[in-house]
Amino acid sequence: MRALRYWLLFIVLFTLSNAHHAEAADGRGEQLIRHWEIQWIRADGVNRDRPLEEASAWAASSAGQLTRMPADASGVWVRVQLPPTASYRQPALLVNRLYGRNLSVYADGMLLHESTRSVRFDVSKLFLPLPADTDAVTLLIRIGTTEERAGVYSAIRIGEFQSLTAGYIRREMPDLVLGGGMLMLGVIMLACTGFLTRSVRAFWLSLSIIALSAGTLVFTYSPLPYTLFEPRTAWLPVAYDMALFIAAPAFMYFADTVFMGQYPFYTQLRHVMGGYAALCFLMLGLYAWMPDRFGPGYDLVTTTILGLLMLAAFVITAVLAVIVTIRGNWHGAVLSGGIFVLTTAAAADLAMYYFKDEPYDPILWKFGTLVLLVALIVILSAKIARDHAAVIAYTKEREDYNRRLQRAEKLKIISDLAASVAHEVRNPLQVTRGYLQLLAEQELSNRKYYDMAIEELDRAASIITDFLTFAKPEMEEFAVLDIADELDKIYAIMSPHASLNGVTLRYDVQDNIRIEGNASRFKQAIINFIKNGIEAMESGGEIVIRAYRQDGQAVIRIRDNGSGMDEEQIAKLGTPYFSTKTKGTGLGLMVTFRIIEAMNGTISFDSKIGKGTEVTLRFPAVHPE
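Be aware that the sequence shown starts at 1, since it is given in this note's numbering, and climbs by one per residue.
Right, dumping it as structure tokens:
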């Protein structure tokens, strides 16, 4: 986006600089001629080789004025009085815009310049050196054409050859830069089409075609390429016509996609425009084959009728863009706004082209196209940022899913083992424990060893109990639990144990928070988290338990300021036989995970080394009623 802003700023400053130089021409010793006389060249050829001398045959004309050529004319003579040019080292003449295909320039009867253009493009420039003369010179310009307009449109500039050379190119540079930039953008987008999915490929391809066709139209409508590529210029008007035929259907397909096909009549109009574009290509082939025979029909089909169809399509698209902007989201508003600016500008160009008394060169559509491309870049930038965030979120979701899947597989294995082995193992353990108690009463000298053996058997029995709990959580009896009441009971149970270890329990619990679950198992899970927090603070500390309602959920947060864990350790929590405690098995936390899941809850951990751990439990809340 920053590069785009710099590029737009460069274009604006370049255009303003161009206008400044045009207004300041007199300050550099250049002279501007804004008034001259014209005489229409009659079709019968009476004044074809030289104009009529009668004063009544000439009519006054000036810069910015261009009347339509009469039906019985084949061109125009332009007569202008040039000032003395002896003060210039290399005098030259520059006309930035005139209309005609065949040019002949005479100074006091001497031929200075002659050019013939075989292609149907009548926008021209005239730049030629002049002889240094101390007297005023009468300059005659003969302009021949088969179009409906002919004549000099811009002011005639007299000055040094070197300084006028820059002005000869500078005026057309914005069009060349804009057209070349659009073409480059279209080529890059077209090259990226193969990497897209089928669902967005057609939409992206239409954007590529719009950029390519718009760039071709801007580039080929400038008169400078016809001078640069002389004499091989036949491809320029053909490229212009083909781009014009393609632009309308591609643009309407793009607009229909933005409108999400909500308007069936617009979709049908798009199909009609596509069919008419095919007819225009057929007429182009026939015209290239037999230009004399199919010339009038080609003009009617590809100029008059096509222009009216495009005008109607642009007006309809602009109206629909306003409707979509009002109804749509932010992206739709930006995109529809760009479409509205382009269609309005293009419709205004076409309206002035058909209904203005004097010939008109469409120019507004260029700025409309630029606005649309800026809107597209804004939308694509936002979409790329949104897709990037979606990819990151999807990656994290997949990691979490894979972690849960691995954990589920391990839990299933443990459940199966617990169901088949736990009962068989616990029975001999109980028998062994009973015999050890009898022996301990008889051999008092070895009592401490028997007590240690019994303690280890009890720990083994506890592990077996965890296995059985995991295999069958025994939560057939569900009831509505009041979080405040349950945490009060847990506080009464755990306060003495916490005090013995130098840990303070602090509660911050809202009232009327209820969930559905098993009270016994809920206590078991919360107590397990509190015990883990106490054991993580060897030098004492504080455990804060908060409970509140948020977005229809009951949220319980248990935070300690113990040793904390890193991300790798957090990812392994709930894994069999993983524990941060020296004698821990990890099975207690596995059982806790199973209990929370059975109550339709979720668990998340936030921990930093040296700063403690916070456990967040979320359960579906039950309405107080």
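C-beta atoms are modelled at their ideal positions from N, C-alpha and C, and glycine is treated no differently.
- Under the three-state reduction of DSSP, TYR507 is assigned to strand.
- Only residues of its own chain outside the window of five on either side were considered, and among them ALA92 and LEU94 have a CB closer than 6 Å to the CB of LEU164, listed in chain order.
- Using a Cβ distance threshold of 7 Å, LEU236 and THR220 count as a contacting pair.
- Under the DSSP assignment, SER495 falls in the alpha helix (DSSP H) whose first and last residues are 483-500.
- Between the C-alpha atoms of ALA239 and THR216 there is a straight-line separation of about 7 Å.
- Around the C-beta of THR304, fewer than 16 other C-beta atoms lie within 10 Å, and the residue is accordingly described as exposed.
- DSSP places MET110 in the strand class (E or B) of the three-state scheme.
- In this structure ALA136 touches PRO83 by the C-beta definition: roughly 6 Å separates them, less than 8 Å.
- When secondary structure is reduced to three states using DSSP, HIS35 falls in the strand class.
- Take the alpha-carbon of MET599 and the one of MET260: they are about 43 Å apart.
- For VAL187, the enclosing alpha helix (DSSP H) covers residues 173-192.
- When only Cα atoms are considered, VAL544 and ILE530 end up about 10 Å apart.
- With at least 16 other beta carbons inside 10 angstroms of its own, ARG270 counts as buried.
- Here ILE188 is exposed, its C-beta having fewer than 16 other C-beta atoms within 10 Å.
- By the Cβ rule, the stretch 144-154 counts as touching the stretch 62-72, because three or more pairs are nearer than 8 Å.
- Per DSSP, the beta-bridge partners of ASP560 are ILE543 and THR613.
- A distance below 8 Å between beta-carbons, with the five flanking residues on each side excluded, links PHE294 to the following residues of its chain, in chain order: MET283, LEU286 and TYR287.
- Residue range 235-258 is occupied by the alpha helix (DSSP H) that includes THR257.
- The Cβ atoms of SER208 and GLY186 sit closer than 7 Å to each other.
- If you look at ARG270, you'll find it in the alpha helix (DSSP H) that goes 264-289.
- Between GLY517 and ASP560, the CB-CB gap reaches or exceeds 7 Å.
- Between GLN31 and GLY159 a beta carbon distance of about 7 Å is seen, short of the 8 Å cut, so the two are scored as contacting.
- Counted as a single uninterrupted DSSP element, the alpha helix (DSSP H) harbouring TYR226 occupies residues 224-228.
- ILE33 and VAL78 do not touch by the CB rule: their CB atoms are close to 11 Å apart, not below 8 Å.
- In the three-state reduction of the DSSP assignment, GLN81 falls in the strand class, which pools E and B.
- Between the C-alpha atoms of THR302 and MET273 there is a straight-line separation of about 12 Å.
- The count of Cβ pairs closer than 8 Å, one atom from the stretch 247-254 and one from the stretch 194-214, reaches three, so the stretches are in contact.
- Using a Cβ distance threshold of 7 Å, ALA547 and ILE483 count as a contacting pair.
- According to DSSP, residue pairing for GLN437 in a beta bridge does not occur.
- The shortest CA-to-CA distance from VAL324 to any of VAL315, GLU114, SER336 and ALA313 is the one to SER336.
- Judged by their CB atoms, ALA59 and ILE38 are nearer to each other than the 7 Å cut-off.
- For THR216, the secondary structure class from DSSP, reduced to helix, strand or coil, is helix.
- The Cβ-Cβ distance between THR197 and TRP204 does not fall below 7 Å.
- In the structure shown, the three-state DSSP call for ILE363 is coil.
- In summary, LYS356 is exposed, with fewer than 16 beta-carbon neighbours lying within 10 Å of its beta-carbon over all protein chains present.
- In the displayed model, VAL622 falls within a strand according to three-state DSSP.
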